[in-house]
Structure formats: structure tokens, C-alpha cells
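Structure first, then comments.
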Amino acid sequence: MKGLKKLFAIGLSTALAFTLAACNNNEKSSSDDVENENKQVTLNFWTFGATGYEDLAKEYEKENPNVKIKVRAAETAEHHDALFTALSAGSGAPDISMLEIDQLDRFKAAQDRFENLYDLGAKDIKDQYLDWKWSTGENNNGDFLIGLPTDIGPKALYYRMDVFEEAGLPAEPDEVANLISSPKAFEEAGLKVKEQTGKPFIDSIEMAFRAYLDAAEETFLNPEGELLLEEDGNAVKNAYDYAVKLNELGIVGKFEMWSPEWANAVNKGEFAAELGAGWLKGWMEGNATEAIGKWRVATLPSEFAANWGGSFIAIPKETKNAKEAYEFVEWLVSPDNQLKSFQAKGLFPSAPSVYEMDEFKNNEDEFFGGQATAPVFAKATQDINGAIYKGEKYFPVYQEVLNALKNVQSKGADPEKEWTEAIKRAKDLLNR
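Just so you know, the sequence shown maps onto residues -21 to -1, 1 to 411 in mature numbering (1 follows the signal peptide of the UniProt record, and there is no 0).
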């Protein structure tokens, strides 16, 4: 009996010791939680373009007083070059960074420099976004997510109502969509505008080139880095030939996008139409003040349905605050905040639930004569092919082909000779 009492006492002492230890651990855990909640965190956020994210960051700071967000905006090229330099050096990268879709593969090649957002909880929100937009942010194996989706760039036909009327063409959006329902019909409308008004139908040979290019499932390179331009029937040559054809028909202008001459032409109605993405309306509303009420938007032929532009938000590995950074990014790109970004800056949402919100569907645009343009772009998303591989050297190879087209238009150069020369220059770029 004495032995049993002794064992009971030992057991009781041991249990008490464990209980006290557990209490101490719980007190420590509770203390750590409070400390973490009160920890002051500063997140450096690099952006480009007119996003309005500064205002949303201030809103987040009010809801989360322990978080300070420093937003730095730069031009697109400067932003990506600075980020690439910082990542290569292993220091100086921000906690959070935007990545433009045409630059994305350049950074995917350095995915080890970024947090895998699947490790931070991104799987839980995947179903809130367009499948093709989400998968564009993944690696080839689908097990690494470099960024959460922000805006997209569904394309539509921006057109001058007054120029269409002058040419004797239907001018209401539904009528224009029915009229220009194929690439052939696109050409015929362009010829009518040229004959009746003397104006080019579209602004530039680059936009003529992008008509088919942006809709292609493959462009210049495959994931193995091989050049596709010499393959029979490749999509880039098809787009190139179509641009040459439109130029030969005399319906292509020489207004290079974003140039002062182009901006003036948008204002004055010196060309009839633009194959533009959803984000272009934001630029027009802020810069084409002489053209208020004169532009409208219609859907493009399905052969031209494409996405042009859009971004992702990534978290470089250097951050010491990955959890807090992710929480902010998830909040920033939520459907409700994508609606705010659309209303403030015209960033077209990648969360399809926004398309059903009344504030989105009934958002009448004064610039477009009271037309609710958002549903036009929402409809365009249904015909977009999906994630398209572009490769690290997409931009320089693209530029070489575009230079060939510019030589054809401005110098009267032979299109086939220019195409051959462009391929040669592209090969040289890839071999460097």
C-alpha cells in the first residue's frame, strides 16, 4: 500500500509538472500572438502604371494599423529592369512587386527568388479567378504560383461613331458588332471608311499585326526556347501577312501608339478604330478630353478575341514579412477591391464574380456617350484562348518582326525579304 501511495504521489507530481508547463507554454503562446498582432511591419510595394493602389494601401493601413505600406510607382520598363537587377544581386528587392504579363516568363525563370504563393494559402482563393489568368501565373508543373492575378486586358473594337456615320456605316455598338463579324468584314469596313472619308481605318501597322498575334496560341518561342518563326503556318507569319494585306489595302495609318501624334489623332478622329484592351478606356477618359461622347466600344470578331496586358502581384523571397505581404496582396486583389480598381482606374477585373455586380454592369461611361462598356469586355473574356507562353526574349524578338513591318509600310520594302531578315535577327538575339 505504501508503494502504491508513493507511485500515486509521483504520478500526481508529474501530472502537475506537465500542467504547469502547459500553462506556461499557453501563456507564452498567447503572449507571442499578441506581440505578433502588435508588431509594426513595413511593406515596400513596387508598382507601375496608373493603378490607384496607393489609395487602397491607405485603406488597408486603416484596417491594419500595425502595417505600413510604401508604394513606389515607375514606368513599366524601368520597374521591371530595377526588379530584375535587385533579384540578380540578391538584395534591394521589395516585399511585394507587380509583374506585367509580357514580362512574366522572364521572372518565372528565376522562381527561386520568389515566394511560392501556394505555400502561403493561395489555393484557397483559386476558384475566384478566371482559369486562364490563374494558370498563367503558375510554372509548367502547376505546383508553383509566382503571383496573384490583378487586371486583364480583353480586347474590343474602339471606334469613332462620327467617322462611321460619315462613312455610311452603322454606328451603334450592337450594329457594329454584327457588321464586323469576321476578318473579311473588318477589311470591308476599312475600305468603306477609306473611300468615304479618306481616313485610315486603324491607327498603325502594329495594331494590324496584333489583330491575329494577340489571339494566337503560340507566338515566337516554345517553352524549350526554340524559335517558331520558320515553321510552316506559324501564327506570327499569319499575323504578319494580315498586317501586310491591310497596309496594301491602304486602311492602316502611321500613328504610333502613345506618341503625341497618336494622342492628337485619338482626340481629333483622324482614324476610325482601335483594337484596344479594356485598360485603354482609362487612358482615353483621362487624356482624350476633346473626344468625349464620340467613341464607342463593340466586340471584335472571334478570330481576334484576345487578352492584351494585365499583371500579377508577386512576393520576392528577400522579404522578412511574407505572411503579412501575402495577406495584403490577397486583400488587394479580392473581387471587391478589383471592382474598386476598375471604377477608379479602369483596371479590368480577373475575378468573374465582379461581372455580375450591379456597379460593374451598369457603369455608364460619359466618355463613351453613356454606353455601359464593361459588359462588352466581359463578353470578350469568354472567347480568350487562355495562358500563352511568351518566353524570356519575347519583347526583343517581337520588336524585330515589328521593325520589318515598319520597313514595309514606311519604305515600301519587300515583305518576304523583310520577314527573312527579321528571322535572321531573331536568331542572332537568341544566340547571344
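Using N, Cα and C, we set each Cβ at its ideal position, and we do this for glycine too.
Ordered along the chain, which non-local residues of its own chain (more than five positions away) have a Cβ less than 6 angstroms from that of D11? Unreliable positioning characterises D11 in this predicted model, as indicated by a pLDDT of 48, which lies under 50. A coordinate reading is not provided.
Report the residue ranges of all alpha helix (DSSP H) runs contained in full by the segment 52 to 102; include only those spanning at least 4 residues, in chain order. 55 to 68 and 83 to 87
Beta-carbon within less than 8 angstroms of K87's beta-carbon, same chain only, minus the 5 sequence neighbours each way: which residues are those? N118 and I125
Which partner residues does T26 have in the DSSP bridge list? A52
Based on the DSSP output, what are the partners of V231 in its beta bridges? I181
So, is E395 buried or exposed, given that buried needs 16 or more other C-beta atoms within 10 angstroms? exposed
Bridge-paired residues (DSSP) for D393: Paired residues: none, contrary to the question.
What are the start and end residues of each continuous alpha helix (DSSP H) run of 4 or more residues lying completely inside the segment 257 to 321, in chain order? 259 to 266 and 301 to 311
Where does A330 fall in DSSP's three states? coil
By the 10 Å Cβ neighbour count, where 16 or more other Cβ atoms means buried, how is P44 classified, buried or exposed? exposed
Where G370 and D407 are concerned, what is the direct C-alpha to C-alpha distance, given to the nearest angstrom? 16 angstroms
State buried or exposed for Q388, treating a residue as buried only when at least 16 other CB atoms are found within 10 Å of its CB. buried
Can you tell me where the beta strand (DSSP E) with residue 413 in it begins and where it stops? Nothing about residue 413 can be reported from this structure: the residues present for the chain run from -21 to 411 only.
Please identify the residue among I181, S183, Y191 and V376 whose C-alpha is closest to the C-alpha of D220. Y191
Segments assigned alpha helix (DSSP H), at least 4 residues, entirely inside the segment 188 to 252: 214 to 227 and 239 to 247
Decide yes or no for the touch test of the segment 306 to 317 against the segment 170 to 183: beta carbon pairs closer than 8 angstroms, at least 3 of them. no
Which of helix, strand or coil does DSSP assign to K406? helix
Are there 16 or more other CB atoms within 10 angstroms of the CB of R275, so buried, or fewer, so exposed? buried
Once DSSP output is grouped into helix, strand and coil, what is the label at K369? coil
Is the segment 133 to 144 close to the segment 244 to 251, with three or more CB pairs under 8 angstroms? yes
What did DSSP end up calling W398 once you bin it into helix, strand or coil? helix
Are the Cβ atoms of P295 and L109 separated by less than 8 angstroms? no
Return helix, strand or coil for L384, following the three-state DSSP convention. helix
Secondary structure of D106, DSSP reduced to three states: helix
In angstroms, rounded to a whole number, what distance separates the CA positions of A101 and A164? 44 angstroms
Here's a check: name, in chain order, each residue in its chain whose Cβ is nearer than 7 angstroms to the Cβ of A52, leaving out the five neighbours to either side. T26 and F27
Please state if the CB of I292 and the CB of W111 are separated by a distance shorter than 8 angstroms. no
In this structure, what does DSSP give as the bridge partners for D344? Q350
Taking V155 as the reference, which of V355, K385 and T399 has the closest Cα? V355
Span of the alpha helix (DSSP H) holding L122? Leu is not the amino acid found at residue 122; the sequence shown has Asp there. It is not in any alpha helix (DSSP H) - D122 carries neither H nor E in the DSSP assignment.
Backbone secondary structure at L254 - three-state DSSP: strand
For residue 485, which of helix, strand or coil comes out of DSSP? Residue 485 is absent from the model: the chain starts at -21 and stops at 411.
Name the one or two DSSP bridge partners that K47 has. T21
Taking a contact to mean a Cβ-Cβ separation below 8 angstroms, would you say L225 touches K216 in this structure? no
So, for D348: in the same chain, excluding its five sequence neighbours on each side, which residues have a beta-carbon less than 6 angstroms away from its beta-carbon? Reading off the sequence shown, one finds Gly at residue 348, where the question assumed Asp. Answer for G348: G272, listed in chain order.
Quick check: what's the CA-CA separation for V333 versus I402? 43 angstroms
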